[in-house]
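Q: Can you read through this structure? Questions will come right after.
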């Protein structure tokens, strides 16, 4: 009878499966790659270095990050055992050397003499088999699923809030809470792109190798001064000459008096411009200010101030907001989506009035169920366009936002069109 190890079946490929002498179970972990990550890997050049990092502090639930995306790691058990294997490649030495090198095609050199080889088998039949040899790497009963998630950036705002910059005169209290880029990478559970996008959105600045946020009032003073100088020099918001603005501010009020240096002014101009790109190729120091960025910053600063208890009559608020924009832009509530709620009430004259109140999504819980509870405590009923901005930071796209609303809120279609959402919890 033929030896089964040397006679391949007619309808199958045969190989010899070998356990090393020092085989240890649970050495490896298998990752199941989602389509989005598979496309990213396949799109890379052959010589490119792929970067994947598991990020977070010891107390955190680990996440895996690519340069552009964040994934949760969830263990999924399988009903069948999984046995990953790797081919062994033999190469015999010269006649004067009785040893043999055995390499796995995973860049792992095993080397040593014949009897030191962990895959050496004292079986001439198997040793002379025409079929390849596969080394068993592990025996597993689970895989790690990678699920795309929203970046966990709340810690970024918390740690940078401890070292907000408001001029060199106030620096003594901030030196113990400074963070380099590498430090942020080690503690923030988000990809490099997602971290950098957050820093740009919040107008952060790299100062002496550390990432800092400008204190809101300090940046407000700088931005207001920039808009005033633009008016004095007759500049359009679409073509701001940063060098001229910096020089004019320095001439009007020297840094020794105002605490505002030219580099701070330049940073604000660049940060509040459209994608921080100069307005024209021929004028590298000319920038196009972003209506959305400038208007949103001024509006949130005004609305969040304690001047009127975070609540304004809407007409008064829009008037004051437009004054701050100094005719460069027009106030529009679309720039404040997710930062306010409108309330109907009666004014001092007993006539119906509409009020606007500061209510920021950044102050709401990150847990979806808790977020909905907080929203419905403030207002029992929300229109669709009104509630969606308060939920977008919890999901990756609009489709998942619809699923979130379906799960946590009760929807009622209105006769005139549109949907009103209310709590699923009956009180």
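In my numbering, the protein residues as written are 595 to 1021.
Every residue, glycine too, gets a C-beta built ideally from N, C-alpha and C.
Could you check where the beta strand (DSSP E) with residue 951 kicks off and where it finishes?
A: Residue range 946-952 is occupied by the beta strand (DSSP E) that includes residue 951.
Q: For residue 667, write down the residues that DSSP places opposite it in a beta bridge.
A: 740
Q: Does the beta-carbon distance from residue 626 to residue 738 come in below 9 angstroms?
A: yes
Q: Going by C-alpha distance, which of 842, 885, 836 is nearest residue 861?
A: By alpha-carbon distance to residue 861, the top candidate from 842, 885, 836 is 836.
Q: Comparing alpha-carbon positions, which option in 905, 650, 857 lies nearest residue 938?
A: 905
Q: List the endpoints of the continuous alpha helix (DSSP H) containing residue 615.
A: Premise fails: residue 615 is in no alpha helix (DSSP H) and is neither H nor E.
Q: Restricting to Cα atoms, I'd like to know which of 645, 1012, 670 is closest to residue 786.
A: 645
Q: How big is the Cα-Cα spacing for residue 847 and residue 918?
A: Distance between the alpha carbons of residue 847 and residue 918 is about 20 angstroms.
Q: Going by the CB atoms, is the gap between residue 1010 and residue 977 shorter than 9 angstroms?
A: no
Q: If the criterion is Cβ atoms closer than 9 angstroms, does the pair residue 744 and residue 990 meet it?
A: yes
Q: Would you please state the rounded distance, in angstroms, between the beta carbons of residue 936 and residue 965? I believe it to be under 8 angstroms.
A: Actually they do not touch by this definition, with Cβ atoms about 19 angstroms apart.
Q: On the three-state DSSP scale, how would you describe residue 804?
A: strand
Q: Report the rounded CA-to-CA distance for residue 969 versus residue 915, giving the unit in angstroms.
A: 26 angstroms
Q: Compare the C-alpha of residue 1061 against each of 817, 671, 616, 621 and name the closest.
A: Outside the displayed span of the chain (595 to 1021) sits residue 1061, for which this structure offers no information.
Q: Quick one: measure Cβ to Cβ for residue 863 and residue 839, integer angstroms, because I've assumed they're closer than 8 angstroms.
A: Going by Cβ atoms, the distance from residue 863 to residue 839 rounds to 7 angstroms, so yes, they are a contact pair.
Q: What's the C-alpha gap between residue 980 and residue 928?
A: Each residue's Cα considered, the two are about 11 angstroms apart.
Q: Would you report the Cα separation of residue 893 and residue 678, rounded to the nearest angstrom?
A: 58 angstroms
Q: Note the first and the last residue of the continuous beta strand (DSSP E) segment covering residue 833.
A: Note, residue 833: premise wrong, no beta strand (DSSP E); not H, not E.
Q: State the DSSP-derived secondary structure class of residue 1025, mapped to helix, strand or coil.
A: The chain is shown from 595 up to 1021; residue 1025 falls before or after that span and cannot be answered.
Q: Strictly by DSSP, which residues pair up with residue 681?
A: 728
Q: Three or more C-beta pairs under 8 angstroms: does that hold for the segment 749-757 against the segment 779-796?
A: yes
Q: Does residue 880 come out as helix, strand or coil in the three-state DSSP assignment?
A: strand
Q: Excluding sequence positions up to five away, which residues of its chain have a Cβ less than 8 angstroms from the Cβ of residue 789?
A: Cβ contact annotation for residue 789 (same chain, cutoff 8 angstroms, sequence separation greater than five): 745, 747, 750, 778, 779, 782, in chain order.
Q: What's the C-alpha gap between residue 797 and residue 858?
A: 11 angstroms
Q: Residues in the same chain with beta-carbon distance under 7 angstroms from residue 856, minus the five sequence neighbours each way, listed in chain order, please.
A: 840, 844
Q: Just curious, the alpha helix (DSSP H) that residue 909 is in, first and last residue?
A: 908-919
Q: Are the beta-carbon atoms of residue 764 and residue 808 separated by less than 9 angstroms?
A: no
Q: Are the Cβ atoms of residue 882 and residue 831 separated by less than 9 angstroms?
A: yes
Q: Rounded to whole angstroms, what is the Cα-Cα separation between residue 776 and residue 657?
A: 17 angstroms
Q: What is the DSSP secondary structure of residue 1019, counted as helix, strand or coil?
A: coil
Q: Is it right to say residue 1006 is buried, meaning 16 or more other beta carbons lie within 10 angstroms of its own, or is it exposed?
A: exposed
Q: Pull up the CB-CB distance for residue 649 and residue 659, whole angstroms please, since I reckon it's below 8 angstroms.
A: 5 angstroms
Q: Identify whether residue 956 lies in helix, strand or coil by the three-state DSSP scheme.
A: Helix.
Q: Could you have a look at residue 781 and say whether DSSP puts it in helix, strand or coil?
A: helix
Q: Hey, would you say residue 897 sits closer than 9 angstroms to residue 934, going by beta carbons?
A: Taking 9 angstroms as the Cβ cut-off, residue 897 and residue 934 qualify as a contacting pair.
Q: Going by C-alpha distance, which of 636, 639, 637, 662 is nearest residue 647?
A: Out of 636, 639, 637, 662, 662 has the C-alpha closest to the C-alpha of residue 647.
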